Every structure is written in C-alpha cells, then in structure tokens.
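Engineer:
Number of protein chains: 2
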Amino acid sequence: MNRTASIKDVATHASVAVGTVSNVLNYPDRVSERTKERVLRAIDELGFVRNDAARQLRIGHSRTIGLIVLDVGNPFFTSVVRSAEDAAALQGSAVLLGDSGHDAGREANYIDLFQEQRVQGLLISPVGDVTDRLDLLRERGVPTVLVDRLADESKFSSVAVDDDAGGYLAAKHLLDTGRRRLAFVGGPASIRQVADRLEGARRAVKEEPDATLEVLDSDGQTVLAGRGVGDMLVQRGRAELPDGIFCANDLLALGVMQSLTMTHTFRIPEDVALIGYDDIDFAASAVVPLSSIRQPTELLGRTAIELLSEEVESQNPVHRAVVFTPELVVRQSTAAAG
Amino acid sequence: MNRTASIKDVATHASVAVGTVSNVLNYPDRVSERTKERVLRAIDELGFVRNDAARQLRIGHSRTIGLIVLDVGNPFFTSVVRSAEDAAALQGSAVLLGDSGHDAGREANYIDLFQEQRVQGLLISPVGDVTDRLDLLRERGVPTVLVDRLADESKFSSVAVDDDAGGYLAAKHLLDTGRRRLAFVGGPASIRQVADRLEGARRAVKEEPDATLEVLDSDGQTVLAGRGVGDMLVQRGRAELPDGIFCANDLLALGVMQSLTMTHTFRIPEDVALIGYDDIDFAASAVVPLSSIRQPTELLGRTAIELLSEEVESQNPVHRAVVFTPELVVRQSTAAAG
DNA sequence: GCGATTTTTTGAATCGTTTCATTGTTACGA
DNA sequence: TCGTAACAATGAAACGATTCAAAAAATCGC
Chain D
0 MNRTASIKDV
10 ATHASVAVGT
20 VSNVLNYPDR
30 VSERTKERVL
40 RAIDELGFVR
50 NDAARQLRIG
60 HSRTIGLIVL
70 DVGNPFFTSV
80 VRSAEDAAAL
90 QGSAVLLGDS
100 GHDAGREANY
110 IDLFQEQRVQ
120 GLLISPVGDV
130 TDRLDLLRER
140 GVPTVLVDRL
150 ADESKFSSVA
160 VDDDAGGYLA
170 AKHLLDTGRR
180 RLAFVGGPAS
190 IRQVADRLEG
200 ARRAVKEEPD
210 ATLEVLDSDG
220 QTVLAGRGVG
230 DMLVQRGRAE
240 LPDGIFCAND
250 LLALGVMQSL
260 TMTHTFRIPE
270 DVALIGYDDI
280 DFAASAVVPL
290 SSIRQPTELL
300 GRTAIELLSE
310 EVESQNPVHR
320 AVVFTPELVV
330 RQSTAAAG
Chain S
0 MNRTASIKDV
10 ATHASVAVGT
20 VSNVLNYPDR
30 VSERTKERVL
40 RAIDELGFVR
50 NDAARQLRIG
60 HSRTIGLIVL
70 DVGNPFFTSV
80 VRSAEDAAAL
90 QGSAVLLGDS
100 GHDAGREANY
110 IDLFQEQRVQ
120 GLLISPVGDV
130 TDRLDLLRER
140 GVPTVLVDRL
150 ADESKFSSVA
160 VDDDAGGYLA
170 AKHLLDTGRR
180 RLAFVGGPAS
190 IRQVADRLEG
200 ARRAVKEEPD
210 ATLEVLDSDG
220 QTVLAGRGVG
230 DMLVQRGRAE
240 LPDGIFCAND
250 LLALGVMQSL
260 TMTHTFRIPE
270 DVALIGYDDI
280 DFAASAVVPL
290 SSIRQPTELL
300 GRTAIELLSE
310 EVESQNPVHR
320 AVVFTPELVV
330 RQSTAAAG
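Line by line, the protein sequences are chains D and S. Note that numbering that gives the first Met the number 0 has the first sequence beginning at 0, numbered continuously upward. Note that numbering that gives the first Met the number 0 has the second sequence beginning at 0, numbered continuously upward.
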C-alpha cells in the first residue's frame, strides 16, 4: 500500500517529466527556479528517497568502498577505519566495513560480497597470501590498495608503517638517555612486525660500541605474557638486569611494568627504562606513563583512500607503495636516569 | 573493453535463455543437470559475478542491515557489532556499519545513506532523541530496533542491559563479602547508565541496615578521572576510607587501583575491595585482577538481529523490549577480607 | 514582431536482474 | 501410437534511476 515513492511519482505529483526530477537531483542549475521549487515540494510531500540500487545499475558502479580489516577491536585498525571513513565521506563515498577476524574464509566472503556490490575499490589488510585472489579482482577492474602490508609495486598500491624505523627509534631513544644494556621483549619472531621492530633495534644498538641487546621471547603479545617476562626479570640479580627494555607492543610493556613496580624491587625509570609500541590509550594512563612509538593511523587511512581514488580515476594507474615513519612519544617511563 | 560479464553474456555463452541462468543461480533444482553444468561452466569462464544492484532493484529491497553505533572503538560496541554481523551472516544478510561518534550530524548522514540503500532494517544506538526521525523511517517501512536504549514499546523493539540490576549485583557482592562502608565512583549523573547503576547500588545497600553508601563524583569516565578520585581517598585517614568501592566502569576502577596500590598505603582487597563495570580485557590483567560486571554483548547483538528479522517478516509486528541481566565476574580485587 | 539563440523541459532507451505465463520436451500408461 | 502429465526452458516485462537527442519555451537584438 504505502510503497515508497519513485521518481515517477514525484514527476506526476509535480506535473513534470521524470528527466526533470532527475535533473533537480543531479544538475540543479539546469532547471528553472520555479520548477525546481515545485519538484522539491513534491519530493518533500511524498517523502521521496532516491533508490540507490537503480542509480547504481544505471551508472555502472556504486559510491562505496570496501574495507576489510583483521580485527576491528584492535585500536590500530579502529583508528584506520575511522579516518578512512572520514576521508571517503569527504569525497562522497561511503565505506563498507568487513572484519575478517584473521579468518581467510570470512575474508573471502567479504570479497565476494563487495564484488557483488560493485564497490569502487577495495582496501584490505589481508589475512594470508591473497595475491592470486586480488589479481583476479584487479583484472576485473576492482582496484585494490593493501593496508599495513607491502605489496608488489608493479601490481598494487599499498600503505604501511616502517616497523624497522620504529624499532630503531625506540632503541635509539633508550641509548640517547644513557642506557646501554638493552632488552627486546617480543612475541613469535614469525610475525613480520615483531621481526622488523627487532631488526631496527639491532641497527641502533650496533651504532653504540658499548651497548648490548638481549632478546627475550614472550609467549604472545598480551599483558599476561609481559608479566611473565617481567617476573622472570625480577628473579635475576640487579646486576643482571637490563637498564632499558623495549617491548614489541604496549600490552607487553604494561605487563612488564606491572611485574617490576608491584614488587617494588625496581623503579621505573630510575633502575630500568621501559618503552612500548602502538601508543594505545592505556599507555598514557599507566601507573608510570609509558613512552611508546605512535603509528600515524589517521594518515594511513586517509592515504589509503587517496591512493584508491587515484586508481579509480586513472585508466592505467601507477601504483605506489607509501611507507610512513612512526613517531616517538616520550613519557615518564623513559625519563633520563638521573 | 573488459566490462564485467552480465547474465546475458553468460546465457549467450552457454546457449541458453537468461531466465535459465537466473534459475541456476536462484532455483538450482528447477533446471536439469546437463544445462546446469553448462551454465556453471560459462559463469566460471566469463568470471561472472552477479550485479547486486540489479537484483535489488528487481526484488525491491536489499540483503543488508544498517547498524549505527556511538563509537566502534568502545569494546562494548565492538563486541555488539561483531555478534550482530555473525548473526546476520547466518541468515544471509550483511551489515552496513556506521559510526556516529556521538555526533548527531553523522548519525543523520548514515540514516540517509542507509535509506537510499534500502536496507532491510536499522539497528541503532541513537545519539540523542531521534524518535521523530525514526518514526518517519517506520512509516516508510524501515523497521528499526534500538540498541542499548529503552524505547516506547508501542513503536519500537529494543534490546538493552539492565544497569540497575548490574549496580545491585556489584553492591550486593561487596556486601556479601562483608563490606559495609561502600562508595560509588561515577561520572556525571546525567548519563543514564551511571544513574541506573547507582540506583541499583542504593537498592542493595538499603537491604543491609548497617551499610552506608557514599557517592564520589568523578570527572569523566577515564583512568585519569579514577586516579583523581583515588588520590583524594589516599589523603583521607584510614578510618575515613570506604572498605568497598564500586566504580561505574572499569577504566575508573583501574585508575582508583593505580592510586591505591602505587602508594602502598592500602592493599586491595585486604583494606578495600574494588569492583568495576564492563569487564574490559584489561580488567583481568590488572595488577590486582579486577572484579567486574559483564554485559552480555554477544547476546545483545544477536538478539537485536533476531528482533529485526521478526519485524521484517511480519506485516504488523509486535514490538518487544528485551532487557538482559548482566553477570558478576569475581576476581581477586574483591576476595573476602580475610 | 520576427528570426536566431539560449535556456528548459521532455520522454524513450538503457542498465542487469528476477519473474512468470507460455512453449517445448520427455516419460509413461493405455 | 497417442494423450496426458510432469518437467525444462524460454523470453518479454518490470524494477527505478540517468542520459541525451530532440522539442518547446524564453530571451534577445533589431
């Protein structure tokens, strides 16, 4: 009975042709003031809302961009998502968000869905090796930008953060404040991010002849894993203790901090300096505010959208791999030793 | 040049009629094994992907559900979103996610967008008073379910968690473990959630003649605000100190915990018990694992989708307001006093 | 007031599906 | 072999927007 009004209904109601209504919607200055007013009133009276499916069908493509992330709960991605949405909104597109949860199956589902929706393009932080799948997409005319993952530059554009540089930054900061016996705490070395951060730290330590770097393997990347490492350190004699600890992420660092401060055997930063990675909200409000490495997540999201737009617009696009440099955030946990 | 293949192309390539291809896609057993095979091969060879816009146009509605939350970064909503997505996927729908960020303008934009997309229905955690706006939607045939907000049951279905019950649960637990001088720490009383939790706590305290409840106003709901309250408490003499503290959320509680444990003047739970609300990930891995009240977020998301489906399916639906009861999670921070 | 020019308006064609009445085919019992 | 029922395949119409060539109306200069 109360089917939603179509453009035709509006046309009838305003005694005008359908083309005119369409013009009012899309090229307002092609139509005279008088009729525009009449049409707008009709739209209002009928509560007309444009049917995007019909528009899409005619236009040939949608005004949406697909975005698939590994975990929306992860603050890193949450921030990327938000900035991507904002950047997309600015250029009149909307973002369809998919959370793969590190699951290749869900990822594939979203890719299918987005393809059926004829998204303008795809932003993806892939689970595993999906280059084959993405190659297909590319051939079918769906441009894709990889997020937080480097890509074959002859095929895709990508945005990422330089983890090696971040690792260097963290270790260098510890060295600059006078620490010499450093330790790196990090989860399985198989994770690229972890490996790169360690590599960067190694590079910084090599620059100081008298500095050493010890690697402490953690069982995962959680607060609990950090506490495990911390407890182990507390067992050691004071002489054996590193005087600067760099953790592969903030959760680990917070765990280490808990262990060290709880027992009150060691003080941060006097006895040992501590720095994390990611600069999550909790870092600033830790018992001892935690120094950290901040990744430019807003920039990541925005740039990803921009790269995608480039690809959408040009016929044979030049792919670009944009790598951002993270930023050092100094707080109390690495204040100068005295 | 390499426009994506349409159903017509597939039909030609497989030497069948377009209707047959459609049948293969939608009613596979209406078509013989032989032709089905031919059509499927053609689909594969041409890399055909169904155009959802055209399908939608014909069908009259989409297979998507709009979901607008106040803040995707908030673990509460993150969890609701995820479970809603899962529940929707199970019934063959996809979720379009919008983050209003507590901004009425962005909220309105998303409502417009979703309406143009002809979503099957809308799940929304509204910013302010949008009942007028939602009324309009309802009249236009877009069923809506309110999330985390009670609604006029004659108009909308809704899912929410009983904050009063949660407050009662927390206070009762403190009382049950022998505490008598309770304190409630909470942000502006204008926030309904905060007010309700306090009300519930009051109810529990009234049941114990010799118990008292002090209300400590916090400046917001952050770790820092909690630390402010904690510092203030530390200043007091031991006799003046409450022996059980209930914080309106976990962040506040963690802040309070930092203050109390850092100075080492008071011990948790021996001198004072502490309980939070929300059971965020950090609660379990705090210095002293934090007792908390867990909200059944997965259930919320799932139920919201179910209520929406009911409305979509029936012509003149009965609206239901589903209220869930939160759950007590006991950890070390409220262990019996001794 | 007239022709030329510019501005507005018109409406049929189109996009790619699904639907469904119709036609074509096959199988089977008599 | 024929009639009938069951099953398969067909293809035109419809969904609601945009486009664009063509028609209509308004404006202008003289």
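Note that the Cβ used here is the ideal one computed from N, Cα and C, for glycine as well. Computed from a predicted structure; not experimentally measured.
Return the CA-CA distance between M0/S and L45/S, expressed in angstroms with no decimal places.
Structural biologist: Any reading at M0/S needs caution, since the residue's pLDDT is 39, under 50, leaving its predicted position unreliable; the model's value is listed next. Looking at the two C-alpha atoms, the distance is approximately 14 Å.
Engineer: In three-state terms, what does DSSP make of T34/S?
Structural biologist: Looking at T34/S - three-state DSSP - the assignment turns out to be helix.
Engineer: Straight-line CA distance for A242/D to F265/S?
Structural biologist: Looking at the sequence shown, residue 242/D is not Ala but Asp. Looking at the two C-alpha atoms, the distance is approximately 29 Å.
Engineer: Measure the C-alpha to C-alpha separation of D102/S and E152/D and round it to an integer number of angstroms.
Structural biologist: Whole-angstrom Cα-Cα distance: 39 Å.
Engineer: Would you say V286/S lies against chain D (beta-carbon separation less than 9 Å)?
Structural biologist: Interface residue, yes.
Engineer: If you count every other CB in all the chains shown that lies within 10 Å of the CB of T296/S, and 16 or more means buried, which is it?
Structural biologist: T296/S is buried by the Cβ-count criterion.
Engineer: Within the 9 Å Cβ cut-off, does V48/D reach chain S?
Structural biologist: With 9 Å as the cut-off, V48/D counts as an interface residue toward chain S.
Engineer: Report, in whole angstroms, the separation of the C-beta atoms of T211/S and R237/S, which I expect to be a contact under 8 Å.
Structural biologist: Actually they do not touch by this definition, with Cβ atoms about 17 Å apart.
Engineer: Are R57/S and E115/D closer than 9 Å when you measure CB to CB?
Structural biologist: Contact flag unset, no.
Engineer: Which residue from S5/D, D8/D, V328/D, A13/D puts its Cα closest to that of K171/D?
Structural biologist: When only C-alpha atoms are compared, the closest one is V328/D.
Engineer: Look up A334/S in the DSSP assignment and say whether it is helix, strand or coil.
Structural biologist: DSSP places A334/S in coil when its eight states are reduced to three.
Engineer: Between which two residues does the beta strand (DSSP E) carrying D98/S extend?
Structural biologist: First-last of the beta strand (DSSP E) with D98/S: 93-98.
Engineer: Helix, strand or coil for V193/D? Go by DSSP, reduced to three states.
Structural biologist: Helix.
Engineer: Tell me, which residues are paired with D216/S by DSSP?
Structural biologist: BP columns for D216/S point to G185/S.
Engineer: Can you find a C-beta in chain S that's less than 9 Å from the C-beta of P187/D?
Structural biologist: Cβ-Cβ to chain S under 9 Å: no for P187/D.
Engineer: What does a CB cutoff of less than 8 Å around V80/S pick up in its chain, not counting 5 residues either side in sequence?
Structural biologist: Counting only Cβ-Cβ distances below 8 Å, and skipping sequence neighbours, we find L66, V68, V71, V94, L96, G300.
Engineer: Where in the region 44-97 of chain S do unbroken runs of the alpha helix (DSSP H), each at least 4 residues long, occur, reported from the N-terminal end onward?
Structural biologist: List check, alpha helix (DSSP H) in window: 51-58, 74-89.
Engineer: Could you tell me if Q314/D is buried or exposed, where buried requires 16 or more neighbouring beta carbons within 10 angstroms of its beta carbon?
Structural biologist: The residue in question, Q314/D, is exposed, as its Cβ has fewer than 16 Cβ neighbours within 10 Å.
Engineer: Got a sec: is the Cβ-Cβ distance from P74/D to anything in chain S below 9 Å?
Structural biologist: With 9 Å as the cut-off, P74/D counts as an interface residue toward chain S.
Engineer: Kindly indicate which residue of E326/S, I42/S, D8/S has the alpha-carbon position closest to the one of V23/S.
Structural biologist: Closest option to V23/S, Cα to Cα, is I42/S.
Engineer: Starting from the Cα of V126/S, find the closest Cα among L145/S, I274/S, A53/S and give me that residue.
Structural biologist: The option with the nearest alpha carbon to V126/S is L145/S.
Engineer: In chain S, which residues lie with their C-beta within 7 Å of the C-beta of R139/D?
Structural biologist: T3, G46, listed in chain order.
Engineer: Going by DSSP, which residues form a beta bridge with I110/D?
Structural biologist: DSSP output for I110/D lists no bridge partner at all.
Engineer: Whole-angstrom Cβ separation of A159/D and L173/D, contact assumed at under 8 Å?
Structural biologist: Wrong, their Cβ atoms sit about 24 Å apart, outside the cutoff.
Engineer: Just the Cα atoms here: how many angstroms apart are L139/D and S308/D?
Structural biologist: First, the amino acid is wrong: residue 139/D is Arg here, not Leu. The alpha-carbon atoms of R139/D and S308/D are separated by roughly 17 Å.
Engineer: Return the chain-ordered ranges of every beta strand (DSSP E) run that is complete within the region 278-313 of chain D and spans a minimum of 3 residues.
Structural biologist: The qualifying runs are 291-293.
Engineer: In the DSSP assignment, what are the bridge partners of S156/S?
Structural biologist: According to DSSP, S156/S bridges with V144/S.
Engineer: Using a Cβ-Cβ distance cut-off of 9 Å, determine whether S61/S contacts chain D.
Structural biologist: Answer yes: the Cβ-Cβ gap between S61/S and chain D drops below 9 Å somewhere.
Engineer: So M231/S contacts chain D; which residues on that side make the cut at Cβ distance below 8 Å?
Structural biologist: Residues of chain D passing the Cβ test: none, with the nearest at roughly 17 Å.
Engineer: Name, please, each residue of chain S whose Cβ falls closer than 7 Å to the Cβ of L273/D.
Structural biologist: Within 7 Å Cβ-Cβ: nothing; L273/D doesn't reach chain S, min ~15 Å.
Engineer: So what's L240/S in DSSP terms, helix, strand or just coil?
Structural biologist: Residue state, collapsed to three classes: coil.
Engineer: Taking the alpha-carbon positions, what's the E239/D to L197/D distance?
Structural biologist: Cα to Cα, E239/D sits roughly 21 Å from L197/D.
Engineer: So for E207/S, helix, strand or coil by DSSP?
Structural biologist: Coil.
Engineer: Could you check whether I274/S and A86/S sit closer than 9 Å to each other, using their CB atoms as the reference points?
Structural biologist: No, they are not a contact pair.
Engineer: With a threshold of 8 Å on Cβ separation, who are the neighbours of A164/S within its own chain once the five nearest residues in sequence on each side are excluded?
Structural biologist: If we look at A164/S and ignore the five residues flanking it on each side, its Cβ neighbours are G199, T324, P325.
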